[in-house]
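The structure under discussion appears below in the form of structure tokens.
Protein chains in written order, with full-length UniProt numbering: chain X, 1 to 651; chain D, 1 to 651.
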């Protein structure tokens, strides 16, 4: 077969259709059955009923330290009518676990026995038959069912098996999963440090391996294969001829000119599904080659993980004869209008926290390539494909990515992102492992809105009032009428001009940007940094027209840094962290006060107490100082107390 | 120090006191910190903040297959105003992941591009800046926090670390746990088949090892040490001087004459707690020896497991810097009055199921030595130490031992136990892995009571009416007035006389029991088997006085079998399974009909449909026949339909 040129999705399937085709293809598919020593059978699944080989106990044994007796010899004993027993004749000292001497049928606890002399014991209460005796088969009778078929073996089960003399168990083998990374652009993780532009570190394979392991499987992560039709065909042929129960090819599952997976699966076997109406995860391929299930896993990491969860996870459990465990879910109120494409089931990552009694879900970034949208998330919600999105305030079902109990220990912080938030998040977790700070980056104004709508425990804001040069107060007055809050300064951060290392253009400050030989790169209108830059220009009495590149806009601190690094501009305004990330020089030009906006309703919460304790600690200040680009002398001080109508302090 | 004689609990502590002493002893105790390759860091816990080494993406890359362009070159393009671009000048073909050629800032999807000729592309829509571009740092900015301290690493986290060039992570070592079985009576599991009376198979060590593993630790299970003071002292000294983070000694933790653990811990270190007011689990020892935590784990398996959960599990999580995960819990109605000792917190194992909308908890056997009380249980409830028990119908909090979703797929069956129930349970699990039959053995009459109180989905009953020789009907009439049910025959089982192999006494039937040379062993008055035996005697026109041993009583089928095996009697009446378990001969003398009692309210439930399908299947009949001692010709037939007042059929 010739190398195919650009192919297209044959016919997209809905999630339900795809799952039905995939899981319906061979409902009885199981891994091979193997015999496993019981001592190594933990978490394996029984492939047949397990029957007790011996009874437990296998003899009548004493359940106490004391004396074994015939119960009838003790009848009539009482406080006023003690009975004496002869050691070796009517009383036999036993320890717990000792076999009962023949013809005895009860044990009297040692605490209830008086030793009269070496050979005489006295008792003052009768024993009833079989008292304190563990009888044969009391726990397990030989021949009885210990574990049913399709049972996942837990620690106590192992105990029952060993006790009943079952030294090996017939179990399903752990599913073997062949994971084949493909892609000419990929380099192994070990070379991550040297990745050149266009080279991408292969990490999906390790992520998928971990997920396979969590489902009880054994992952075999293979070496990267380049995007080459013949090579991928050969790789797939080898995979399906191996002992693997399941083959994952990552990626080449899309419809690009170098996406060969679908064609290779079609050539060697059958494509059941190419393209699923889910997002992320659309370019998923499901097929059967030489009787083995094959999944073309999409390349973007979030897509890969979601496709795994939808199609690989259920199959791995089925191969072991287990029902696929459901995920923990909760109902939450979505904090933002969340548009979504009609006809695509969208998986939106959210942070979750309980604010004023309501569980709030705040959507994070939605790109399929943004792995941190998963690592930072507390949950995932689904926008059904028949909807064009969800309205703010709708109650939605959210699948949890963290333990349920975490919800009550999560602080939500919405607003402008800043690296000091990372330090704060880390210190919170360090001080109290149950606690967590989940932060969402929606900009300073978005944070104030979230406070107003009681959707966050606190917000982070650095809004400059160009009229006064002050921070945050005028915005609180405008947007938080009726909402009492406190402003607590987290840190004062420097904004500055980023220039290439060594400052080849010799830029010393904003004035120099007016030089004709200096090309500037600007931030987009409306951004806090743009407002600050305009404020700096006015202070320097410079007009925008005097700055070459004022009309060239970028959207993030990092984009400014990249533009400067690439030489397309000589200078741009951004925070120190962006300069540091790309090794640029940084010329401080202004300071921004970054305040926490804390609703009065949250002020007395113990979580807030911990937060304040951290912010005012020397350790926190030291760590923030070490980031560079911050002044921490004001950290933890009250910048203002607002009762909803007027400032009680701080202005 | 001399070998101490019998010691006593110094002073029992409550669970709360013990936990406070134990966990309060060294709140900052952690495992050593070690550097772990990221590819092997799954499920490890970070010992410090993890910072991104590189930005992700580390270059501006295309997010689509298509052409890279300068957005400003495309402005004005529309359906009626197409714009032509020159390949290599204003249009650059790119695949997903390719770096953007310098000076381009947008990508147009290939689907939206018309190729006019080899070097000319036409577009009919403008591109906006940065469309379909993955910008540097869009996901991760070098220097930002990837994972906080005390974070348990999940698969997507591994992806984020590798992507950001973090190839190794500083993590807490997995806690090493030295598990020391002690006991002269113990033999290793490998010799389970040859255990003599008084020998007990060591399996707690393997159970504890599995539990350690589930908490993220590494178990080192040591060889058995005999009950010898010097030997145990030497063993403990070696354990605390090893690299272990925690030492478990099992057992010798009680107050018997050969229980040395407390004395050894006291000699080498400090005993914090000896004896906890919990049951099972009372003889727990908590101590510190040469700075290392040491737990004297009780010997009975259920005690060992509960003591582990209370004291070892939280410490293992703390050693890794993690909060101890809470167990899933539900509220349920307790089906039986459950007395409990004042002053002891009792852990009662229960089966759980949703009957007529209510979640019902049915207590199982309570012995600390009965491991199957854990393996058969669905949950554990606690009777607080300040209560003398729980009343039937009380709502109690129950910790789940199975996934929560299992609750809706569990059938509860209460009543007389029979081995065919095992077959049924196995077939249910085999046919539908989500389903489960949880059975509680409370005798036939107890089963009817549970049906009357709507505490069970169905009951199992084999109640003989001696007046008629019929089964179950008259009892339904007496106890289920107003409760419509159906009786479905599960199987007809044989009761017979158990005799030693080869039948040395030559017993051929009940008549022979009247021979003066034959010693009989009877079941206790009131038991179904006793009623049946008396019925047999009457049929044979024999008087009890004619049977030697009629007044000697045992309480279970197995006890009858043991009495016969030991030679203390020549014959006794029991079911075939008891004979088979101990290798006795079996002389059938009577047949009992074992019926399922199915409330009409459950009859239409799909779970019931599955049950009936199984009972009427050839496979089920074959398996039951193979057990021996059963007649399956009536299995699955309706023995009666009762509308609460009269029989609609079957009588």
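We put the beta carbon where it would ideally sit given N, CA and C, even for glycine.
### Query
If we cut at 9 Å on Cβ distances, does residue 245 of chain X have a partner in chain D?
It does not: the Cβ of residue 245 of chain X has no partner Cβ on chain D nearer than 9 Å.
### Query
Given residue 659 of chain X, which residues of its chain have a CB within under 7 Å of its CB, disregarding the five upstream and five downstream residues?
Because chain X is modelled from 1 through 651, residue 659 of chain X falls outside the range shown and cannot be assessed.
### Query
Mind checking if residue 204 of chain D is an interface residue toward chain X, Cβ cutoff 9 Å exclusive?
True, the Cβ-Cβ gap to chain X drops below 9 Å.
### Query
Which term fits residue 649 of chain X, buried or exposed, when burial requires 16 or more other beta carbons within 10 angstroms of its beta carbon?
exposed
### Task
Using a Cβ cut-off of 8 Å, pull out every chain D residue sitting near residue 99 of chain X, in sequence order please.
Around residue 99 of chain X, the beta-carbon contacts reaching into chain D at under 8 Å are 197, 198.
### Message
Check this for me: beta carbons of residue 340 of chain X and residue 297 of chain X, under 9 Å apart or not?
### Response
If you check the CB distance, residue 340 of chain X and residue 297 of chain X do not come in under 9 Å.
### Task
Use the C-beta contact count for residue 317 of chain X: other C-beta atoms within 10 angstroms, 16 or more gives buried, fewer gives exposed.
buried
### Candidates X:531, X:526, X:352, X:272: closest to residue 15 of chain X by CA position
Ranked by Cα distance from residue 15 of chain X, the options X:531, X:526, X:352, X:272 are led by X:272.
### Query
Would a check of beta-carbon distances place residue 164 of chain X closer than 9 Å to chain D?
yes
### Message
Which same chain residues end up closer than 7 Å to residue 391 of chain D when comparing Cβ atoms and leaving out the 5 residues on each side of it in sequence?
### Response
Excluding positions up to five away in sequence, the list reads 337.
### Query
Are there 16 or more other CB atoms within 10 angstroms of the CB of residue 59 of chain D, so buried, or fewer, so exposed?
buried
### Message
Any beta carbon of chain D sitting closer than 9 Å to that of residue 192 of chain X?
### Response
Interface residue, yes.
### Message
Going residue by residue through the stretch 410 to 490 of chain X, where are the continuous beta strand (DSSP E) segments of at least 3 residues, counting only ones entirely within it?
### Response
410 to 415, 436 to 441, 458 to 461
### Task
In angstroms with no decimal places, state the Cα-to-Cα distance between residue 472 of chain X and residue 486 of chain X.
11 Å
### Message
Strictly under 9 Å for the Cβ-Cβ distance: is residue 521 of chain X near chain D by that measure?
### Response
no
### Query
Under 9 Å between C-beta atoms, does residue 135 of chain X make it to chain D?
yes
### Task
Only counting runs of 3 or more residues, tell me where the beta strand (DSSP E) segments fall wholly within the stretch 316 to 387 of chain X, in order along the chain.
Listed in chain order, they are 329 to 334, 345 to 355, 358 to 363, 379 to 383.
### Task
Would you mind telling me which residues of chain X sit closer than 9 Å to residue 430 of chain D, beta carbon to beta carbon, in chain order?
Going along chain X in sequence order, the residues near residue 430 of chain D (Cβ under 9 Å) are 48, 49, 148, 149, 150, 321.
### Query
Using DSSP with H/G/I as helix, E/B as strand and the rest coil, what is residue 106 of chain D?
Residue 106 of chain D: strand per DSSP, three-state reduction.
#### Entry: Chain-order list of residues whose beta-carbon lies under 7 Å from that of residue 356 of chain X (same chain, five-residue window excluded)
454, 601
### Query
Given that a residue counts as buried once 16 or more other Cβ atoms are within 10 Å of its Cβ, and exposed if not, what is residue 633 of chain D?
Residue 633 of chain D is exposed by the Cβ-count criterion.
### Message
What does the alpha-carbon distance come out to for the pair residue 187 of chain D and residue 250 of chain D?
### Response
14 Å
### Task
Output the boundary residues of the alpha helix (DSSP H) element that contains residue 560 of chain D.
Here the alpha helix (DSSP H) through residue 560 of chain D covers 557 to 566.
### Task
Could you please give the first and the last residue of the uninterrupted beta strand (DSSP E) stretch that includes residue 397 of chain D?
DSSP places residue 397 of chain D inside the beta strand (DSSP E), whose first and last residues are 395 to 400.
### Message
If you follow the alpha helix (DSSP H) that residue 17 of chain X is in, where does it begin and where does it stop?
### Response
15 to 24
### Query
Does the distance from the C-beta atom of residue 598 of chain X to that of residue 507 of chain X stay below 9 Å?
no
### Which listed residue (D:371, D:613, D:456, D:435) has its alpha carbon closest to that of residue 157 of chain X
Among D:371, D:613, D:456, D:435, the Cα nearest to that of residue 157 of chain X is on D:371.
#### Entry: C-beta atoms of residue 505 of chain D and residue 570 of chain D nearer than 9 Å
Cβ atoms of residue 505 of chain D and residue 570 of chain D: closer than 9 Å.
### Task
Run the CB neighbour count on residue 223 of chain D, radius 10 Å, all protein chains shown included, and call it buried at 16 or more, exposed below.
exposed
#### Entry: Per-residue DSSP class, three states only, for residue 303 of chain D
helix
### Cβ of residue 587 of chain D within 9 Å of any chain X Cβ
no
### Task
Would you please verify whether the beta carbon of residue 59 of chain X is less than 9 Å from any beta carbon of chain D?
At least one chain D Cβ lies under 9 Å of residue 59 of chain X.
### Query
Nearest-angstrom Cα distance between residue 130 of chain D and residue 435 of chain D?
53 Å
#### Entry: Interface residues of the stretch 261 to 293 of chain D facing chain X [CB-CB below 7 Å]
none
### Task
Note down, in chain order, every chain D residue with its Cβ under 9 Å from the Cβ of residue 214 of chain X.
42, 43, 154, 155
### Query
Where does the unbroken alpha helix (DSSP H) through residue 603 of chain D begin, and where does it stop?
600 to 603
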